[in-house]
Amino acid sequence: MTRTLITGGLVVTAAEEIHADVLVEGGRIAALAAPGTQQWTAEHVIDATHKYVIPGGVDAHTHMEMPFGGTFAADSFESGTRAAAWGGTTTIIDFAIQSPGQSLRAGLDAWHAKADGKCAIDYGFHMIMADVNESSLKEMDQLVGEGVTSFKLFTAYPGVFFSDDGQILRAMQRASGNGGTVMMHAENDLAIDVLVQQALERGETDPRYHGEVRKALLEAEATHRVIKLAQVAGAPLYVVHVSAREALAEITRARNEGLPVFGETCPQYLFLSTDNLAEPDFEGAKYVCSTPLRPKDHQEALWRGLRTNDLQVVSTDHCPFCFSGQKELGRGDFSKIPNGLPGVENRMDLLHQAVVDGHITRRRWIEIACAAPARMFGLYGKKGTIAPGADADVVIYDPTAQQTLSAATHHMAVDYSAYEGRNITGRVETVLSRGEVVLDRGEFTGRAGHGAYLARGISQYLR
Ligand code: URP
Ligand code: ZN
Ligand code: ZN
Numbered sequence: 001m002t003r004t005l006i007t008g009g010l011v012v013t014a015a016e017e018i019h020a021d022v023l024v025e026g027g028r029i030a031a032l033a034a035p036g037t038q039q040w041t042a043e044h045v046i047d048a049t050h051k052y053v054i055p056g057g058v059d060a061h062t063h064m065e066m067p068f069g070g071t072f073a074a075d076s077f078e079s080g081t082r083a084a085a086w087g088g089t090t091t092i093i094d095f096a097i098q099s100p101g102q103s104l105r106a107g108l109d110a111w112h113a114k115a116d117g118k119c120a121i122d123y124g125f126h127m128i129m130a131d132v133n134e135s136s137l138k139e140m141d142q143l144v145g146e147g148v149t150s151f152k153l154f155t156a157y158p159g160v161f162f163s164d165d166g167q168i169l170r171a172m173q174r175a176s177g178n179g180g181t182v183m184m185h186a187e188n189d190l191a192i193d194v195l196v197q198q199a200l201e202r203g204e205t206d207p208r209y210h211g212e213v214r215k216a217l218l219e220a221e222a223t224h225r226v227i228k229l230a231q232v233a234g235a236p237l238y239v240v241h242v243s244a245r246e247a248l249a250e251i252t253r254a255r256n257e258g259l260p261v262f263g264e265t266c267p268q269y270l271f272l273s274t275d276n277l278a279e280p281d282f283e284g285a286k287y288v289c290s291t292p293l294r295p296k297d298h299q300e301a302l303w304r305g306l307r308t309n310d311l312q313v314v315s316t317d318h319c320p321f322c323f324s325g326q327k328e329l330g331r332g333d334f335s336k337i338p339n340g341l342p343g344v345e346n347r348m349d350l351l352h353q354a355v356v357d358g359h360i361t362r363r364r365w366i367e368i369a370c371a372a373p374a375r376m377f378g379l380y381g382k383k384g385t386i387a388p389g390a391d392a393d394v395v396i397y398d399p400t401a402q403q404t405l406s407a408a409t410h411h412m413a414v415d416y417s418a419y420e421g422r423n424i425t426g427r428v429e430t431v432l433s434r435g436e437v438v439l440d441r442g443e444f445t446g447r448a449g450h451g452a453y454l455a456r457g458i459s460q461y462l463r
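The sequence shown runs 1 to 463 under our numbering.
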């Protein structure tokens, strides 16, 4: 069995920070020991002196090749997982999509056909339920048994992904019986659609109106509603891409009542704002996503939520559309701009910058980016930590390197960076995925097909 020894680094997990040598054998972490105290031999030795040794990032919310608004997210599973590796992420959980009138199984099969044999890092699937009916409800039980243990439903996108309250309740009831987790996109789109039409009739067609009509109160209202539906069903709830402080307040209240309600936010809501949506010459289209970016003063509430554990996870919601030819579909009508931002490559660095800026601690960085998403979606122990028996998904991170984020240097298949010109302290140096070096000090050494499919357990917050 191949052995790799990582020497002299500061091992940072969600639980502790220790100077240790790390022995990797057969793709797993074999042992940790105080530096220089063991006479381990290994084929490869990686000197991590002055570096952090951290678990590979777990991005629990990506959309590679996602169909949206007549086009497809620009990253394939091949390019998107390669970019993830460049950014220190070694696991993604993407969303397989059920088409209306089709089974969950057909959607899952279609996503396996896109991803299998293509990924550079390990991957799992959530299931988007776009057609809740007797048959798809029954299928939920089978999927949970097979390792697809989470289901996203939407109070948004009428006619595409939207479920009504009765359908949501029924899916939650099923999840409460089978151990699945319902993930909710919570925005009141029936009301938002009225505001969209009224805005367009007033000639308000620029990207910034996307942020104005998708009101924080309508995110909060839908968040409140799905919390109450989950409470009635006796089901846990994970609210995705929380952007409004009013929605976070609903989650905080529910958690204070002791309900199993969890929340995710994304780097775009922590680092970008409606100022970006208002950029001139249609540049604001680069920042159109749903839930939308909010005014800057929402950011402090989100950081606080991450510190107080009212928000547990930071995922990217990586759903990239090129400015040229894709975002441009919405020139003259903001409602036709494909929704989504690139970011799978940037998350670990942006969150390290948050450590440098004093928003979160180093251990909290690893918790929200690695350990908590793994735990939330039934992967912890194998993923999300550095401990004997865990997969050797390890990042050697240089905390003092300086870099500038840019489309000119990133590896995502998209023609702009949402963080163009942003200076970051810290950089991924070397990445191991199950013991294989996939990124070696600025050189990609991985391959499409190395990534293995992950059948997941039920949420470890519920066991
Ligand atoms: O704008 C977004 N978030 N696009 C991806 C689809 C979704 O709702 O997560
Ligand atoms: Zn969503
Ligand atoms: Zn999403």
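Beta carbons are placed, not taken as given, at the ideal position from N, Cα and C, and that holds for glycine.
Residue 226 and residue 218 closer than 9 Å at C-beta: Within the sequence shown, numbered from 1, the residue matching residue 226 stands at position 226. Within the sequence shown, numbered from 1, the residue matching residue 218 stands at position 218. No, the pair does not count as a contact, with Cβ atoms beyond the cut-off.
CB contact flag (residue 298, residue 244, <9 Å): Mapped onto the sequence shown, residue 298 falls at position 298. Mapped onto the sequence shown, residue 244 falls at position 244. Contact flag set, yes.
Identify every run of the alpha helix (DSSP H) within the region 101–144, keeping only runs that are complete inside it and at least 4 residues long; order them along the chain. 104–115
Drop a sphere of 10 angstroms on the beta-carbon of residue 138, count the other beta-carbons inside from all chains shown, and report buried for 16 or more, exposed for fewer. The sequence position of residue 138 within the sequence shown is 138, counting from 1. Burial call: exposed.
For residue 308, does the three-state DSSP call read helix, strand or coil? The sequence position of residue 308 within the sequence shown is 308, counting from 1. In the structure shown, residue 308 sits in a helix (DSSP, three-state: H, G or I).
Could you check which residue in 264, 77 and 235 has the C-alpha nearest to that of residue 412? Residue 412 sits at position 412 when you count from the first residue of the sequence shown. Residue 412 has its Cα closest to that of 77, out of 264, 77 and 235.
For residue 240, is the beta carbon positioned less than 8 Å from some heavy atom of ligand 1? As a first step, residue 240 must be located in the sequence shown, where it is residue number 240. Answer for residue 240: yes, Cβ within range of ligand 1.
Buried or exposed (CB count within 10 angstroms, at least 16 for buried), residue 66: Taking the sequence shown and counting its residues from 1, one reaches residue 66 at position 66. By the 10 Å Cβ count, residue 66 comes out buried.
Figure out for me which residue from 43, 94, 26 and 17 has the closest Cα to the Cα of residue 34. Within the sequence shown, residue 34 is the residue found at index 34, counting from 1. If we check each option's Cα against that of residue 34, 17 comes out closest.
Please state the DSSP three-state secondary structure of residue 148. Within the sequence shown, numbered from 1, the residue matching residue 148 stands at position 148. Residue 148 falls in the coil class under three-state DSSP.
Let's see if you can read the secondary structure: which residues bound the alpha helix (DSSP H) around residue 479? Missing from the structure shown is residue 479; the chain here goes from 1 to 463 and no further.
Whole alpha helix (DSSP H) elements within the region 347–379, 4-residue minimum: 347–356, 362–366 and 372–376
Starting from residue 95 and walking both ways along the beta strand (DSSP E), at which residues does that stretch end? Here residue 95 corresponds to residue number 95 of the sequence shown, with the count starting at 1. Element bounds for residue 95: 89–97.
Indicate, with yes or no, if ligand 3 has a heavy atom lying under 8 Å from the CB of residue 77. On the sequence shown, position 77 is the one that residue 77 refers to. The answer is no for residue 77.
Which residue wins for smallest C-alpha separation from residue 156, given the options 186, 181 and 442? Taking the first residue of the sequence shown as 1, we reach residue 156 at position 156. It is 186.
Pairing CB atoms from the region 366–374 with CB atoms from the region 25–32, are three or more of them under 8 Å? no
Following a CB-centred definition, is residue 66 positioned closer than 8 Å to any heavy atom of ligand 1? Numbered from its first residue, the sequence shown carries residue 66 at position 66. Flag set: Cβ of residue 66 near ligand 1.
By a C-beta neighbour count over all protein chains shown, 10 Å radius and 16 as the cutoff for buried, is residue 295 buried or exposed? The count along the sequence shown starts at 1 and reaches residue 295 at position 295. Flag for residue 295 reads exposed.
Nearest chain D C-beta to residue 358 closer than 9 Å, yes or no? Of the protein chains in the structure, only one exists, and it is not chain D.
Provide the residue span of the alpha helix (DSSP H) that contains residue 275, from first to last. The sequence position of residue 275 within the sequence shown is 275, counting from 1. 274–277 is the span of the alpha helix (DSSP H), which, as asked, contains residue 275.
Any chance the CB of residue 103 is under 8 Å from a heavy atom of ligand 1? For the purposes of this step, residue 103 is taken as the residue at position 103 of the sequence shown. Residue 103: no, Cβ never under 8 Å from ligand 1.
Taking 9 Å as the threshold (C-beta atoms), are residue 135 and residue 103 in contact? Residue numbering aside, residue 103 sits at position 103 when the sequence shown is read from its first letter. Residue numbering aside, residue 135 sits at position 135 when the sequence shown is read from its first letter. In this structure, residue 135 lies closer than 9 Å to residue 103 by Cβ.
DSSP state of residue 224 mapped onto helix, strand, coil: By 1-based counting over the sequence shown, the position of residue 224 is 224. The answer is helix: DSSP assigns residue 224 an H, G or I state.
What do you reckon, is the C-beta of residue 317 under 8 Å from a heavy atom of ligand 3? Position 317 of the sequence shown, counting from 1, holds the residue named residue 317. Yes, the beta carbon of residue 317 sits closer than 8 Å to at least one heavy atom of ligand 3.
Taking the continuous beta strand (DSSP E) assigned at residue 61, which residues delimit it? Sequence index remark: in the sequence shown, residue 61 carries index 61 (1-based). It spans 57–62 - the beta strand (DSSP E) in which residue 61 sits, taken as one unbroken run.
Helix, strand or coil: how does DSSP classify residue 290 here? Counting from 1 along the sequence shown, the entry for residue 290 is found at position 290. Note: residue 290 maps to coil in three-state DSSP.
Residue 423 in three-state terms, based on DSSP: Position 423 of the sequence shown holds residue 423. Note: residue 423 maps to strand in three-state DSSP.
Enclosing beta strand (DSSP E) for residue 32 [first to last residue]: Numbered from 1 along the sequence shown, position 32 holds the residue referred to as residue 32. Note, residue 32: beta strand (DSSP E), 28–33.
According to DSSP, residues forming a beta bridge with residue 184: What you label residue 184 is simply residue 184 of the sequence shown in a count that begins at 1. Beta-bridge pairing links residue 184 to 153 and 239.
Just to confirm the assignment, what range does the beta strand (DSSP E) spanning residue 398 have? Taking the first residue of the sequence shown as position 1, residue 398 is located at position 398. Start and end: 394–404.
Alpha carbon of residue 121 to alpha carbon of residue 194, nearest angstrom: As a first step, residue 121 must be located in the sequence shown, where it is residue number 121. As a first step, residue 194 must be located in the sequence shown, where it is residue number 194. Whole-angstrom Cα-Cα distance: 42 Å.
Looking at residue 240: is its Cβ nearer than 9 Å to the Cβ of residue 336? By 1-based counting over the sequence shown, the position of residue 240 is 240. By 1-based counting over the sequence shown, the position of residue 336 is 336. Their beta carbons are not under 9 Å apart, which means residue 240 does not touch residue 336 by this criterion.
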